[in-house]
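Position 134 of the sequence shown, counting from 1, maps to 400 under our numbering, and the rest follow consecutively. Each residue gets a CB set at the ideal place from its N, CA and C atoms; glycine is no exception. Since we're looking at a predicted model, the values are computed, not measured. Below: the structure, in structure tokens.
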Amino acid sequence: MQPLKVALIDDDPVFRKFVTALLRRMPEVELVDVWESSEAMLADPRFQEVELLLVDLELPGVGGLELISHLNQIEDPPSCVVLTVSHAAEDVFKAIRNGASGYLIKSGDLQTFQESLKQVIQEGVGLSPKIARLLVEQFRQITRARGGPASRGGISSLTARELEVLKGLAKFGSAKDVGRELGLSHETVRVHMKKTYQKLHVNTKAEALALLDKYGK
Numbered sequence: 267m268q269p270l271k272v273a274l275i276d277d278d279p280v281f282r283k284f285v286t287a288l289l290r291r292m293p294e295v296e297l298v299d300v301w302e303s304s305e306a307m308l309a310d311p312r313f314q315e316v317e318l319l320l321v322d323l324e325l326p327g328v329g330g331l332e333l334i335s336h337l338n339q340i341e342d343p344p345s346c347v348v349l350t351v352s353h354a355a356e357d358v359f360k361a362i363r364n365g366a367s368g369y370l371i372k373s374g375d376l377q378t379f380q381e382s383l384k385q386v387i388q389e390g391v392g393l394s395p396k397i398a399r400l401l402v403e404q405f406r407q408i409t410r411a412r413g414g415p416a417s418r419g420g421i422s423s424l425t426a427r428e429l430e431v432l433k434g435l436a437k438f439g440s441a442k443d444v445g446r447e448l449g450l451s452h453e454t455v456r457v458h459m460k461k462t463y464q465k466l467h468v469n470t471k472a473e474a475l476a477l478l479d480k481y482g483k
């Protein structure tokens, strides 16, 4: 299995060194490069190799949100996951609207951050627990206002393979095990999962599986 090509943009040298060390200890990761600004990354042709980009929200010059929005307009963009100290709902929703696949809080405890980072590497999407709770509550408020979840159409819009992958997650639990069972590469499973989350308008595996349980029978 080919390692996932990951890169990092962060202007904090201490945090940059910390995350770099974590990534280099992960056998499933190939660290493409580490940059301190969006401009430095865009000037480096190696950024086109990146499959997963970890990007600080507050960057000098071109900020994280602007960069994510720009990258999502190019052909075959990398998955972008925000790294930030902000847990403000406004920043979370702006990041998701701009195309972020995940949102990790820097200020969380070490073990929680490491577990969230590992989830991102394995599944291509991920949220810090505090952000996941915030989004779930927002989701519940919206669905209550609408009189209940209107996601039956979302499930029916999935391709046969996307539905198979989602059912595999319900059975086996991890993208790695689903790929092994279905004979798919880890990256292919990640792509299917990302598209499934977009179609279902969810941001976590738990939300997607809840909709599968409700509407996927």
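Close-in-space but distant-in-sequence residues of the same chain around residue i (CB under 6 Å, 5 per side omitted)
i, result
"Met307", "Ile275, Trp301 and Phe313"
"Glu315", "Lys271 and Val298"
"Tyr369", "Val348, Val358, Ala361, Leu393 and Ile397"
Beta-carbon separation (whole angstroms), residue i vs residue j, contact threshold 8 Å
i, j, result
"Gln388", "Lys442", "6 Å"
"Glu428", "Glu317", "So it is not a contact: roughly 19 Å between Cβ atoms."
"Ile326", "Glu296", "Going by the sequence as given, residue 326 is Pro instead of Ile. Going by Cβ atoms, the distance from Pro326 to Glu296 rounds to 27 Å, so no, they are not a contact pair."
"Ser423", "Lys480", "The pair is not a contact, with the Cβ atoms about 15 Å apart (cut-off 8 Å)."
"Glu324", "Thr350", "7 Å"
Closest Cα partner of residue i within the set the options
i, options, result
"Ser352", "Val295, Gly330 and Asp479", "Gly330"
"Ile371", "Leu466, Lys480, Val285 and Ile421", "Val285"
"Ser440", "Leu475, His467 and Val468", "Leu475"
"Val478", "Ser451, Arg456, Leu448 and Lys437", "Reading the sequence as shown, one finds Leu at residue 478 and not Val. The option with the nearest alpha carbon to Leu478 is Lys437."
Buried versus exposed call for residue i [16 or more other C-beta atoms within 10 Å across all chains shown]
i, result
"Gln380", "exposed"
"Gly445", "buried"
"Ile334", "buried"
"Ile421", "buried"
"Leu289", "buried"
"Leu383", "buried"
"Leu450", "buried"
"Ala273", "buried"
Own chain partners of residue i with C-beta closer than 8 Å, once the 5 adjacent residues on each side are dropped
i, result
"Leu337", "Leu319, Pro343, Pro344, Cys346 and Gly365"
"Leu435", "Ala441, Val444, Met459, Lys471, Ala474 and Leu475"
"Asp278", "Asp322"
"Glu294", "Met267, Pro269, Leu270, Ile387, Gln388 and His452"
"Lys283", "none"
Neighbourhood of residue i by C-beta distance below 7 Å, restricted to the same chain and skipping five residues each side
i, result
"Phe281", "Lys372"
"Val455", "Val431, Ala441, Val444 and Gly445"
"Glu447", "Gly434 and Phe438"
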